[in-house]
Structure formats: structure tokens, C-alpha cells
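A quick write-up on the structure given underneath.
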Amino acid sequence: MTSFVGELTGPKYDGKYLRTVINQQLGDVTSKENLTNVLIPAFDIKLLQPVIFSTNDAKENSLKNARIADVCLSTSAAPTFLPAHYFETKDAATGEIRSFDLIDGGVAANNPVNTNGYKPHYQGGVEAEKQSNGQQTNTGAVTRHRWLGEAKKEQKYNAATASEWGLLNWVYDNGKMPLLDVYCDASSDTVDFHVSSLFQCFGTQGNYLRIQEDSLTGDHAASMDISTMENMQKLVEIGTNLLKEPVSRVDLETGRFQKIEGEGTNEEALVEFAKLLSQERKLRSLIN
Numbered sequence: 019m020t021s022f023v024g025e026l027t028g029p030k031y032d033g034k035y036l037r038t039v040i041n042q043q044l045g046d047v048t049s050k051e052n053l054t055n056v057l058i059p060a061f062d063i064k065l066l067q068p069v070i071f072s073t074n075d076a077k078e079n080s081l082k083n084a085r086i087a088d089v090c091l092s093t094s095a096a097p098t099f100l101p102a103h104y105f106e107t108k109d110a111a112t113g114e115i116r117s118f119d120l121i122d123g124g125v126a127a128n129n130p131v132n133t134n135g136y137k138p139h140y141q142g143g144v145e146a147e148k149q150s151n152g153q154q155t156n157t158g159a160v161t162r163h164r165w166l167g168e169a170k171k172e173q174k175y176n177a178a179t180a181s182e183w184g185l186l187n188w189v190y191d192n193g194k195m196p197l198l199d200v201y202c203d204a205s206s207d208t209v210d211f212h213v214s215s216l217f218q219c220f221g222t223q224g225n226y227l228r229i230q231e232d233s234l235t236g237d238h239a240a241s242m243d244i245s246t247m248e249n250m251q252k253l254v255e256i257g258t259n260l261l262k263e264p265v266s267r268v269d270l271e272t273g274r275f276q277k278i279e280g281e282g283t284n285e286e287a288l289v290e291f292a293k294l295l296s297q298e299r300k301l302r303s304l305i306n
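Using our numbering, read the sequence shown as starting at 19 and increasing by one per residue.
So, in C-alpha cells, the structure goes:
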């Protein structure tokens, strides 16, 4: 870990131990070898565009068949916390090489539901419904759930203070990173708005479940990098309590989660959601 002065000129952590552990655990296993279809976002700072790693893409395109270790190091490379990650992939048949200069994909896809992996899943749901001979099902649109934690209710910033900020304050202010917070939250919430609206158009808003604790406060529970046993246990307690809370949806005006009457608890919703996913999988098997 670096000093405060070091943080101004380099990442907070050098990432050496993380790289060692991830490489030891994952070795040379590649993305196409995942046991299920996964979707992991990163951001290429050389091309200034998101890069989405998925099992399906890796099976179809060898240049996207990166080592899982490289993908993990890339998607965890949060700016100011960990260094950017560089690696290459090669097409054995053609000899073509693709290079990646990546950081955490949260800067562009903090909520990855609406990334390019969304389309094939959605299409699968539509095709499955066609195969159900027109019978009404609960899986008319793709199902997703999202479980996050953030500190929205803490209300870290305000216009009166920010109106006097310069370049340095926007990048780093009182131990926080306003510009990064703004971009990540804006990206995530915009996707939530878009996807929620899309599901409502299909009349299947019940198929989009986002469970999120948005009231994390303090320097520990709301921190990105405090991994003490005490803090980990606190986060487990927060997650357990969240399961007992009523199902909520985002109020698009305030950005806050509002309880929905008559839809039960998050725990009950997850059980029903698992049933829907099982039903959708069976329907999709009809078209394979």
C-alpha cells in the first residue's frame, strides 16, 4: 500500500500479490472453458471503449478467448486503486494478435445488464416463447438479477461545495473520488432506467429484479478496499438482513429504492426468480 503522496502519482496498491494469487489459482484456463456463460466487463483505455468478455464470444472468436486470470485482473483494475492490466491474445490459425490495455469495466458498464451479452439472452427468451406454441409464460423477456451495495443515502456531495472545486477536488476530495463516483453511478442508474422501461414495455417488469443495499455508510461498509474479517462479517450481516426486506424498485426521480407492496421479501422474490430461470432454461432447451 502506498502513502498519500504516492496515491497522487500512482495506484494505491501495486497489485503484485493479487496477480500472484490469481495466476496461481486460475493458471492458463481460458474464457471458453467456463462451466457456464459468464459476462465480464472491462474498459480499454487505448481504444477508449468497453470490452465485454463472455463465454459465448470466447467460443466463437479465439481473439476474445483470454485467460480468465487476465480477465479478472482487468475487471478488478479500478482506477487509483490498482494498476491497469495489459495482455495479448493470439489466433493460432491465422497468427493474428490482439492487445488489450484494460481497467475496471465499471467506468462504462457498472451495471452490465445492458451490454452486448444482453441480446443473445433476450433472443433466447423470445425464441423459447415462440416454441411454447403461443402459451402465456412468465419468461417473455430476459430475466436478470443484480445485487450491489453502495452509499447513495450518504449523500456525499452537494452543489454548494462542488461549485468551488477545481481539477484536483473533482479527482480526489477528502478521501473520496467524486468524478469516478459520478461516472460509475450514472452508468449504472442509466442502465437501470433503460432496462426497467424495456421490461415494462413487454409487460414483464416482474422479470427484472434488482436487489441493492443503497444505505451503506461510514468508512468501512461503504469502502471498496477494507477487507478485514470484521468488515467482511458486517457485510454478511447487511446482506442477510437485506433478504428480509420487502422487494423494492428504483424511483426514477430520486434514485432511491422504494418498497413495492404485495411482492413479498427479497428472499421470497429470489426463490420465485429461481423458478422462472429454471422454467426459461427448459423452454430454451426446446430450440437447441
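Don't be surprised by glycine CBs; every beta carbon is placed ideally from N, CA and C.
Since residue i and residue j are thought to touch, with beta carbons under 8 angstroms apart, how far apart are those beta carbons, to the nearest angstrom?
{"i": "L100", "j": "P29", "result": "5 angstroms"}
{"i": "I278", "j": "S266", "result": "6 angstroms"}
{"i": "D109", "j": "S80", "result": "5 angstroms"}
{"i": "T48", "j": "I86", "result": "7 angstroms"}
{"i": "V69", "j": "D62", "result": "5 angstroms"}
{"i": "D199", "j": "K174", "result": "7 angstroms"}
{"i": "V89", "j": "I115", "result": "The pair is not a contact, with the Cβ atoms about 17 angstroms apart (cut-off 8 angstroms)."}
Using DSSP bridges, identify the partner residues of residue i.
{"i": "D122", "result": "A60"}
{"i": "E263", "result": "Per DSSP, none; premise fails for E263."}
{"i": "R37", "result": "In DSSP, R37 forms no bridge with anything."}
{"i": "H103", "result": "L120"}
{"i": "K252", "result": "According to DSSP, K252 bridges with nothing at all."}
{"i": "R274", "result": "Beta-bridge pairing links R274 to no other residue."}
{"i": "P194", "result": "Note that residue 194 is Lys in the sequence shown here, rather than Pro. According to DSSP, K194 bridges with D191."}
{"i": "S206", "result": "Per DSSP, none; premise fails for S206."}
{"i": "P68", "result": "F61"}
{"i": "R85", "result": "T48"}
{"i": "K108", "result": "I115"}
{"i": "V268", "result": "F275"}
{"i": "T283", "result": "P264"}
By the 10 Å Cβ neighbour count, where 16 or more other Cβ atoms means buried, how is residue i classified, buried or exposed?
{"i": "F291", "result": "buried"}
{"i": "F211", "result": "exposed"}
{"i": "E298", "result": "buried"}
{"i": "S215", "result": "exposed"}
{"i": "T222", "result": "buried"}
{"i": "G113", "result": "exposed"}
{"i": "L234", "result": "buried"}
{"i": "C219", "result": "exposed"}
{"i": "V254", "result": "exposed"}
{"i": "T179", "result": "exposed"}
{"i": "D269", "result": "exposed"}
{"i": "G123", "result": "buried"}
{"i": "R274", "result": "exposed"}
{"i": "T107", "result": "buried"}
{"i": "L227", "result": "buried"}
{"i": "V289", "result": "exposed"}
{"i": "A60", "result": "buried"}
{"i": "S303", "result": "exposed"}
{"i": "A177", "result": "exposed"}
Measuring CA to CA, which of the options is closest to residue i?
{"i": "T93", "options": "A126, Q42, R274, N176", "result": "A126"}
{"i": "E285", "options": "L253, N249, I305, Q230", "result": "Q230"}
{"i": "L261", "options": "L186, F275, A287, D269", "result": "A287"}
{"i": "N83", "options": "T98, Q42, K50, C90", "result": "K50"}
{"i": "G294", "options": "L91, G282, N225", "result": "The question names Gly, but residue 294 is Leu in the sequence shown. Among L91, G282, N225, the Cα nearest to that of L294 is on N225."}
{"i": "P97", "options": "D32, T258, A177", "result": "D32"}
{"i": "I40", "options": "L91, L66, L65", "result": "L91"}
{"i": "L65", "options": "L44, T38, Y104", "result": "Y104"}
Checklist entry - Counting pairs of beta carbons, one from the segment 50-57 and one from the segment 118-126, are three or more of them closer than 8 angstroms? => result no
Next on the checklist: Under 8 angstroms: do the segment 243-256 and the segment 184-191 share three or more Cβ pairs, one atom per stretch?
Outcome noted: no
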